[in-house]
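In our numbering, the protein residues as written are 240 to 550.
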């Protein structure tokens with residue numbers, strides 16, 4: 240299980256992001272309007288949508304920690320992926336509208352050079368967003384929380400978009416006013432790209448995409464170290480919120496008997512859950528070595544099943 244200190248830190252992350260992004264949104268929108276910077280206004284709107292996103296992530300993370308019940312026997316872990324999907328869908332639509340608005344200004348050419356204060360505002364935004372990214376990514380990684388990592392990724396995207404705003408505003412002040420709306424369009428495109436990438440990831444996990452191949456290979460290697468295992472027919476993995484679920488089909492000698500086969504399966508399960516805290520659910524299907532893979536999948540002679548104490 241994650242360090243208790245990391246868990247306490249993880250519970251603070253959404254609140255810090257909500258407060259930080261709300262402050263940045265008001266700060267950038269106000270100075271963007273007063274200072275005449277389209278890039279800063281778009282960047283401020285991005286921070287405002289992140290307030291909504293962080294609130295949604297907070298709700299999703301709370302739901303995902305609920306224990307299994309009669310209506311949800313497999314837990315509520317996928318609430319995090321649903322929360323992330325909602326956030327990215329909203330951000331995608333908003334960022335597309337931002338790009339359209341900036342494009343209209345570029346075409347009409349109706350824009351004046353922004354005020355110097357907008358350059359300072361965008362620079363401060365880069366630093367604050369990067370700090371929130373480091374803080375959130377640390378908590379999300381250590382607690383293996385998709386929702387917290389998604390929120391951290393958004394803060395990193397904010398830092399990058401604010402950096403683009405810095406370049407555009409500086410260009411608008413010192414080179415040509417058109418640089419500012421161009422930067423606004425670039426910021427919008429950056430947001431769109433990140434939203435599409437993360438939305439794809441959230442949807443993939445909702446339909447039980449497998450964990451990275453190296454996880455399956457590691458599981459196979461561990462299973463084959465157990466005495467009595469003659470073959471591993473399949474390893475199926477998926478992620479439910481911060482936890483991993485694994486189904487394994489193995490073959491053992493038909494002379495071992497059910498009791499010995501059960502012991503091997505239980506040993507494999509215990510070993511895997513000891514090696515990886517994220518393995519919440521491990522199921523081992525056992526069949527005689529003479530049986531084919533299809534026989535194991537349909538009716539193994541022994542099944543060892545376990546879930547963590549959280550269930």
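Glycine included, C-beta positions come from ideal geometry on N, C-alpha and C.
As the structure is a prediction and not an experimental result, all values here were calculated from the model.
**Prompt:** For residue 359, which of 490, 402 and 323 has the nearest alpha-carbon?
**Reply:** Residue mapping note: residue 359 aligns to position 120 of the chain shown, counting from 1. Minimum Cα distance to residue 359 is reached at 402.
Only counting the same chain, and skipping five residues up and downstream in sequence, which positions put a Cβ closer than 8 Å to that of residue 345? Stepping through the chain shown from its first residue, residue 345 is reached at position 106. Closer than 8 Å at the Cβ level, and outside the excluded window around residue 345, lie 417, 420, 421 and 424.
As an exercise, report each continuous alpha helix (DSSP H) stretch of at least 4 residues that is fully enclosed by the segment 325-387, in chain order.
The segment 325-387 is shown to contain whole alpha helix (DSSP H) runs of 4 or more residues at 355-381, in chain order.
Problem set entry | C-alpha gap between residue 304 and residue 465, whole angstroms | Counting from 1 along the chain shown, the entry for residue 304 is found at position 65. Counting from 1 along the chain shown, the entry for residue 465 is found at position 226. Approximately 33 Å, taken between the alpha carbons.
#### Entry: Enclosing alpha helix (DSSP H) for residue 501 [first to last residue]
The sequence position of residue 501 within the chain shown is 262, counting from 1. From DSSP, the alpha helix (DSSP H) with residue 501 extends over 496-514.
Per DSSP, what kind of secondary structure is residue 414 in: helix, strand or coil? Walking along the chain shown from the start, residue 414 turns up at place 175. DSSP places residue 414 in coil when its eight states are reduced to three.
With C-beta atoms as the reference, is residue 487 less than 8 Å away from residue 471? As a working note, residue 487 is residue 248 in the chain shown. As a working note, residue 471 is residue 232 in the chain shown. A Cβ-Cβ contact shorter than 8 Å links residue 487 with residue 471.
Exercise. Considering only C-alpha positions, which residue in the set 243, 281 and 522 is nearest to residue 408?
Worked result: Numbered from 1 along the chain shown, position 169 holds the residue referred to as residue 408. For the residues 243, 281 and 522, the minimum Cα distance to residue 408 belongs to 281.
Requested in this report: In the DSSP assignment, find the alpha helix (DSSP H) that holds residue 460 and state where it starts and stops.
Outcome: As a position in the chain shown, residue 460 is number 221, starting the count at 1. Element bounds for residue 460: 452-463.
Please classify residue 254: is it buried, with 16 or more other beta-carbons within 10 angstroms of its beta-carbon, or exposed?
As a working note, residue 254 is residue 15 in the chain shown. Classification for residue 254: exposed.
At least 3 beta-carbon pairs within less than 8 Å: the segment 375-383 vs the segment 426-445: With the cut-off at 8 Å, the segment 375-383 and the segment 426-445 do not touch.
TODO: For residue 347, collect the residues of the same chain with a Cβ closer than 7 Å to its Cβ; drop the 5 residues on either side in sequence, then sort them by chain order.
DONE: The sequence position of residue 347 within the chain shown is 108, counting from 1. The answer is none, since no qualifying residue turns up.
**OP:** Mark residue 393 as exposed unless 16 or more other C-beta atoms lie within 10 angstroms of its C-beta, in which case mark it buried.
**Re:** Start at 1 with the first residue of the chain shown, and residue 393 comes out as number 154. With 16 or more Cβ atoms within 10 Å of its Cβ, residue 393 is classed as buried.
query: Helix, strand or coil for residue 528 per DSSP?
result: Translated into the one-based positions of the chain shown, residue 528 becomes position 289. In this structure, residue 528 counts as coil in the three-state DSSP scheme.
- Opening and closing residue of the alpha helix (DSSP H) in which residue 304 lies: Here residue 304 refers to the residue found at position 65 of the chain shown. For residue 304, no alpha helix (DSSP H) encloses it, and the DSSP letter there is neither H nor E.
* Asked: Is residue 247 buried or exposed, if buried means 16 or more other CB atoms sit within 10 Å of its CB?
  -> Against the chain shown, residue 247 aligns to sequence position 8. Exposed, because fewer than 16 other Cβ atoms sit within 10 Å of the Cβ of residue 247.
Does the distance from the C-beta atom of residue 511 to that of residue 474 stay below 8 Å?
Taking the chain shown and counting its residues from 1, the one referred to as residue 511 is at position 272. Taking the chain shown and counting its residues from 1, the one referred to as residue 474 is at position 235. No, Cβ-Cβ distance for residue 511 and residue 474 is not below 8 Å.
Practice item. Please say whether residue 285 and residue 390 have beta carbons closer to each other than 8 Å? Key: Your numbering for residue 390 matches position 151 in the chain shown. Your numbering for residue 285 matches position 46 in the chain shown. Taking a C-beta distance under 8 Å as the contact criterion, residue 390 and residue 285 do not qualify as a contact pair.
Just verifying my parser: in three-state terms, what is the DSSP assignment at residue 285? To locate residue 285, count along the chain shown from 1; it is residue 46. It is helical.
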